[in-house]
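Student: For reference, the structure I am asking about is given below.
2 protein chains.
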Amino acid sequence: MRKIGKQEIEDMAIGAALLGTGGGGDPYIGKLMALQAIEEYGEVILLDSEEVPDDALVVPSSMMGAPTVMLEKAPSGEEAIRAFNQLEEYLGEKIYGTFPIEAGGVNSMLPFALAARLGIPVIDADGMGRAFPELQMVTFYLDGISATPAIIADEKGNTALLSTIDNVWTERIARSATIQMGGSVMCAMYSMKAKDLKKSGITNILKLEEEIGKSIRLAKINNVNPIEKILETVNGFELFKGKVIDIDRKTESGFAKGVATFEGLEQNKGENLKLRFQNEHLIAQTNEKVLCMTPDLIAVLDSETGLPITTEGIRYGSRCVVIGIPCHPKWRTEKGIATVGPNYFGYDMAYTPVEELVKKGVTQ
Amino acid sequence: MRKIGKQEIEDMAIGAALLGTGGGGDPYIGKLMALQAIEEYGEVILLDSEEVPDDALVVPSSMMGAPTVMLEKAPSGEEAIRAFNQLEEYLGEKIYGTFPIEAGGVNSMLPFALAARLGIPVIDADGMGRAFPELQMVTFYLDGISATPAIIADEKGNTALLSTIDNVWTERIARSATIQMGGSVMCAMYSMKAKDLKKSGITNILKLEEEIGKSIRLAKINNVNPIEKILETVNGFELFKGKVIDIDRKTESGFAKGVATFEGLEQNKGENLKLRFQNEHLIAQTNEKVLCMTPDLIAVLDSETGLPITTEGIRYGSRCVVIGIPCHPKWRTEKGIATVGPNYFGYDMAYTPVEELVKKGVTQ
């Protein structure tokens, strides 16, 4: 148990954006949302998952929609309160604490903003250990935990409470409602007992996010190479150093989809890298070979500062280092690969772990 | 109070299909649904609205979606039970009785099928006195009665409970969810106290439907012209006699939209009629003038039998009489015209009552 202050929030937001693999929102917006709520409503307590009683009701904070929309339509916080209150009423039970559904500059910060308002603790766990675009793409789904009763709420005052036969149906129906509701909504879904979160969640993820953010911050102060520090912290691999020469991005079916092209620099001179994304980065490949594929993490970092760049932040001419990070072992199971592997997103390739790809590459 | 038997169901289904103005479903399917439920679960009591206690909770039976989809995916009845049960649980109150949301071959029969299963009475009132394509298009909306809490349920087992800031938002969100759920769903929405139904609903509509159906049936037995009998019963006007020479129909955004073209016969020889529809008939016009426009009712009848033809039943070569019927005065108010008049559906014309159009016509 510890109180979360300004520095922790700033470090976590940056680290979370890196693990958000291009999605999960802008850390600057996320940081502001959390800090503003803490300033207005008071400090937030962060608990290790082991500190929470097994039978406590816990609910992740999450939003649904295209991050490109979220930039224009920031959540007020009221819609999350409404969703949580309605869920408590429906379940007839108080919510003990909240936690992030996924890693991301905004999505890891949402629980702090909500927890400050509700006066409940944040728990150090999430459902992905990274970010993914669809709501069934959580470790809870792999363990058979239902997304429903699922509530989505928009900033206008509309809410929908869904009960569905499985989490893929929750995704379908909630996604179409989200588009009608203006492109992004706040969610109260995947309510569970703390014992299930301890077993099924990715624990200590906020600590890792803070550590990543801190290593980037300290590298700047100590004038050392931030990329090296990051790679040490996350056990990652440098995949490509390059300059953005093309970015093709559109909001389609409620997702930000597209492809960014990087022209190689230094050791990658003469090569091009294509980075394909759907809210999050999915595939990094050169003309020759695939370097990293979902569910392993692909992050784009500013080559000077080491700061993570989200898909909506990729700009023509930016000099970047693209890194790969092995995903949590839960995603490398058969059901994990079926849920978030390359085939699910329409890429005809067998999942190969990034550490193997880095050694030998895969010819396309 | 009276028990409803086979003959009443058959007559009502036909009359309801006529008032359904091309939408509201096929009376043959509606009749079968109601009769099957009555046979299996027992007879249904029909109450005049005045027989229901003022503070009784009453909920219309309705479905949402394109009737073209409903032909392939008939509701099982289970989804309506689920929707009603969930609404009772949410409101913490038993539902006293049900009634049709609108007139239509299926939609007027749904309450009988559900009432038989639930063992509750049907009340002789609806929310349109005809059929309309969107869920805010009810007299209840004109009187400020909320559609929410609104539950939609599909045959697979998915449900959504909506709370929205107004009934137009209910329509938007429910419509998109309906498309995801397979194109048609059962609804439990517009719950109200009986005193509000008495004031705001179109009462005695089932009696009128039965009377229309009966006049068509007796005309056949007595070998008299059914069209004349119908026009007497509904105070309607014969607009056009013709043969279908073209039908352009597509399912778009969850609606059956299109236009049917009729070539004039007998007194209309040399003229063509275009009939524009969105689930229901909206505008009937010749090259010269508009003959009838929404919210007045436009029905297409088989010129031999007088039986109503739904938009999905219009076939090339069919010989038809198109009739116009003045709508309920509630629809001719300012808010009524704004909600369901020609402008709402994208037609740039001022609403003119059918009785005036028949006298003088409107030059386009």
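Residue numbers (this note's numbering), protein chains in the order written: chain W, 967 to 1330; chain X, 967 to 1330. Quick reminder that beta carbons are idealized off the backbone N, C-alpha and C, glycines included.
#1: Using a cut-off of 8 Å between C-beta atoms, extract the partners of Trp1297 of chain W located in chain X.
#2: With DSSP run on the structure shown, which of helix, strand or coil describes Pro1066 of chain X?
#3: Threshold first: 3 residues or longer. Then list the beta strand (DSSP E) segments lying entirely within the segment 1242-1291 of chain X, N to C.
#4: By DSSP, does Val1018 of chain X sit in helix, in strand, or in coil?
#5: Where does Thr1329 of chain X land, buried or exposed, given buried means 16+ other C-beta within 10 angstroms?
#6: Measure the Cβ-Cβ separation of His1294 of chain W and Ala1265 of chain W and say whether it is below 9 Å.
#7: Are any of the Cβ atoms in chain W nearer than 9 Å to that of Ala1143 of chain X?
#8: Output yes if chain X places a C-beta closer than 9 Å to the C-beta of Leu1332 of chain W; else output no.
#9: What are the boundary residues of the beta strand (DSSP E) that includes Asp1214 of chain W?
#10: Do we get a CB-CB distance below 9 Å when we pair Ser1129 of chain W with the residues of chain X?
#11: Can you find a CB in chain X that lies within less than 9 Å of the CB of Asn1245 of chain W?
#12: From this set, X:Leu1205, X:Lys1240, X:Arg1183, which residue's C-alpha is nearest Leu1273 of chain X's C-alpha?
#13: Report buried or exposed for Asp1314 of chain X, applying the criterion of at least 16 other Cβ atoms within 10 angstroms of its Cβ.
#14: With a threshold of 9 Å between beta-carbons, can Gly1123 of chain W be considered close to chain X, or not?
#15: Does any CB atom of chain C fall closer than 9 Å to the CB of Ala1250 of chain W?
#16: Among residues of its own chain, excluding the 5 on either side of Gly988 of chain X, which ones have a beta-carbon nearer than 6 Å to its beta-carbon?
#17: Tell me, please, which residues DSSP counts as bridged to Asn1073 of chain X.
#18: The beta strand (DSSP E) that contains Phe1050 of chain X, what's its start and end?
#19: Going along chain W in order, which residues have a C-beta closer than 7 Å to the C-beta of Met1147 of chain X?
#20: Within 10 angstroms of its Cβ, does Ala1082 of chain W collect 16 or more other Cβ (buried), or is it exposed?
#21: Using alpha carbons as the reference points, say which of X:Glu1005, X:Gln1146, X:Lys1164, X:Ile1187 lies closest to Val1024 of chain X.
#22: Can you find a C-beta in chain X that's less than 9 Å from the C-beta of Met1030 of chain W?
#23: By the three-class DSSP mapping on this structure, what secondary structure does Ser1157 of chain X have?
#24: Would Lys1207 of chain W and Val1287 of chain W be called neighbours here (beta carbons separated by less than 9 Å)?
#25: Distance, Cα to Cα, Val1104 of chain X vs Thr1260 of chain X?
#26: Can you tell me which of W:Glu1204, W:Gly1095, W:Ile1139, W:Tyr1317 puts its alpha carbon nearest to the alpha carbon of Pro1115 of chain W?
#27: For Ala1126 of chain X, would you say it is in contact with chain W, using Cβ-to-Cβ distances shorter than 9 Å as the test?
#28: Determine, using beta carbons only, whether Ala1069 of chain X and Glu1175 of chain X come nearer to each other than 9 Å.
#29: Take Ile1131 of chain W as the anchor and find which of W:Arg1285, W:Ile1303, W:Gly1110 has the nearest alpha-carbon.
#30: Taking 7 Å as the limit between beta carbons, can you name the residues of its chain near Gln1233 of chain W, skipping five residues before and five after?
#31: Nearest CA to the CA of Met978 of chain X: which residue from X:Ser1150, X:Leu1084, X:Pro1066, X:Met1147?
#32: Cα-Cα, which of X:Thr1271, X:Thr1252, X:Asp1268 is closest to Leu1323 of chain X?
#33: By how many angstroms is the C-alpha of Lys969 of chain X removed from the C-alpha of Lys1195 of chain X?
#34: Please report the residue range of the beta strand (DSSP E) in which Gly1148 of chain W lies.
#35: Taking 8 Å as the cut-off, is the CB of Ser1166 of chain W close to at least one heavy atom of the ligand COA?
Tutor: Answer, in terms of the structure:
#1: The residue given as residue 1297 of chain W occupies position 331 in the first sequence. By Cβ distance, chain X contributes nothing, its closest Cβ being about 27 Å from Trp1297 of chain W, past 8 Å.
#2: For the purposes of this step, residue 1066 of chain X is identified with residue 100 of the second sequence, where counting begins at 1. Three-state result, Pro1066 of chain X: strand.
#3: Annotation note: the segment 1242-1291 of chain X contains the following uninterrupted beta strand (DSSP E) runs of length 3 or greater, listed N- to C-terminal: 1246-1252, 1255-1259, 1263-1268, 1285-1291.
#4: The sequence position of residue 1018 of chain X within the second sequence is 52, counting from 1. Of the three classes helix, strand and coil, the one that applies to Val1018 of chain X here is coil, per DSSP.
#5: Residue numbering aside, residue 1329 of chain X sits at position 363 when the second sequence is read from its first letter. Bear in mind that a pLDDT of 47 at Thr1329 of chain X, under 50, signals an unreliable position, so the number given afterwards is only what the model happens to contain. Flag for Thr1329 of chain X reads exposed.
#6: Indexing the first sequence from 1 puts residue 1294 of chain W at position 328. Indexing the first sequence from 1 puts residue 1265 of chain W at position 299. No, they are not a contact pair.
#7: The residue given as residue 1143 of chain X occupies position 177 in the second sequence. Ala1143 of chain X counts as touching chain W.
#8: The structure shown does not extend to residue 1332 of chain W, since chain W spans only 967 to 1330, so no value can be given for it.
#9: Stepping through the first sequence from its first residue, residue 1214 of chain W is reached at position 248. Note, Asp1214 of chain W: beta strand (DSSP E), 1203-1218.
#10: As a working mapping, residue 1129 of chain W is identified with position 163 in the first sequence. Judged by the 9 Å Cβ criterion, Ser1129 of chain W is in contact with chain X.
#11: By one-based count along the first sequence, residue 1245 of chain W stands at place 279. With a threshold of 9 Å between beta carbons, Asn1245 of chain W makes no contact with chain X.
#12: Stepping through the second sequence from its first residue, residue 1273 of chain X is reached at position 307. The candidate whose alpha carbon is nearest that of Leu1273 of chain X is X:Arg1183.
#13: Here residue 1314 of chain X corresponds to residue number 348 of the second sequence, with the count starting at 1. Looking at its Cβ environment, which holds fewer than 16 other Cβ atoms inside 10 Å, Asp1314 of chain X is exposed.
#14: The sequence position of residue 1123 of chain W within the first sequence is 157, counting from 1. Yes - at least one Cβ of chain X is within 9 Å of the one on Gly1123 of chain W.
#15: Protein chains W and X are contained in the structure displayed, whereas chain C is not.
#16: Position 22 of the second sequence, counted from the start, is the residue given in the question as residue 988 of chain X. Counting only residues of its own chain and dropping the five nearest sequence neighbours on each side, Gly988 of chain X has a CB closer than 6 Å to the CB of Phe1243, Glu1246, His1247, Thr1276, Thr1277.
#17: To locate residue 1073 of chain X, count along the second sequence from 1; it is residue 107. Bridge partners of Asn1073 of chain X: none, in fact.
#18: Against the second sequence, residue 1050 of chain X aligns to sequence position 84. Run containing Phe1050 of chain X: none in the beta strand (DSSP E); it sits in the alpha helix (DSSP H), 1044-1057.
#19: On the second sequence, residue 1147 of chain X is found 181 positions in, with the first residue counted as 1. For Met1147 of chain X, the C-beta contacts it makes with chain W under 7 Å involve Ile1139, in order along the chain.
#20: Mapped onto the first sequence, residue 1082 of chain W falls at position 116. The residue is buried, with at least 16 neighbouring Cβ atoms inside 10 Å.
#21: Taking the first residue of the second sequence as position 1, residue 1024 of chain X is located at position 58. For the residues X:Glu1005, X:Gln1146, X:Lys1164, X:Ile1187, the minimum Cα distance to Val1024 of chain X belongs to X:Lys1164.
#22: Translated into positions along the first sequence, residue 1030 of chain W becomes position 64. It does not; no Cβ of chain X falls within 9 Å.
#23: In the second sequence, residue 1157 of chain X corresponds to position 191, counting from 1. In the structure shown, Ser1157 of chain X sits in coil (DSSP, three-state: anything other than H, G, I, E or B).
#24: Sequence index remark: in the first sequence, residue 1207 of chain W carries index 241 (1-based). Sequence index remark: in the first sequence, residue 1287 of chain W carries index 321 (1-based). Yes; because the gap between Cβ atoms is below 9 Å, this pair is in contact.
#25: As a first step, residue 1104 of chain X is located in the second sequence; it is residue number 138 there, counting from the start. As a first step, residue 1260 of chain X is located in the second sequence; it is residue number 294 there, counting from the start. Within the model, the alpha-carbon separation for Val1104 of chain X versus Thr1260 of chain X is close to 14 Å.
#26: On the first sequence, residue 1115 of chain W is found 149 positions in, with the first residue counted as 1. Among W:Glu1204, W:Gly1095, W:Ile1139, W:Tyr1317, the Cα nearest to that of Pro1115 of chain W belongs to W:Ile1139.
#27: Against the second sequence, residue 1126 of chain X aligns to sequence position 160. Taking Cβ atoms only, chain W reaches closer than 9 Å to Ala1126 of chain X, which makes this a yes.
#28: By one-based count along the second sequence, residue 1069 of chain X stands at place 103. By one-based count along the second sequence, residue 1175 of chain X stands at place 209. The answer is yes: Cβ separation under 9 Å.
#29: In the first sequence, counting from the first residue as 1, residue 1131 of chain W sits at position 165. Relative to Ile1131 of chain W, the option among W:Arg1285, W:Ile1303, W:Gly1110 whose CA is nearest is W:Gly1110.
#30: As a position in the first sequence, residue 1233 of chain W is number 267, starting the count at 1. Excluding residues up to 5 positions away in sequence, Lys1207 lie with their Cβ nearer than 7 Å to the Cβ of Gln1233 of chain W in the same chain.
#31: Start at 1 with the first residue of the second sequence, and residue 978 of chain X comes out as number 12. Of X:Ser1150, X:Leu1084, X:Pro1066, X:Met1147, the residue nearest in Cα terms is X:Pro1066.
#32: In the second sequence, counting from the first residue as 1, residue 1323 of chain X sits at position 357. When the alpha-carbon of Leu1323 of chain X is set against those of X:Thr1271, X:Thr1252, X:Asp1268, the nearest one is in X:Thr1252.
#33: What you label residue 1195 of chain X is simply residue 229 of the second sequence in a count that begins at 1. What you label residue 969 of chain X is simply residue 3 of the second sequence in a count that begins at 1. Cα-Cα distance, rounded: 26 Å.
#34: The sequence position of residue 1148 of chain W within the first sequence is 182, counting from 1. Taken as a continuous stretch (DSSP letters only), Gly1148 of chain W belongs to no beta strand (DSSP E), as it is neither H nor E.
#35: The ligand COA is absent from the structure shown, which contains no ligands of any kind.
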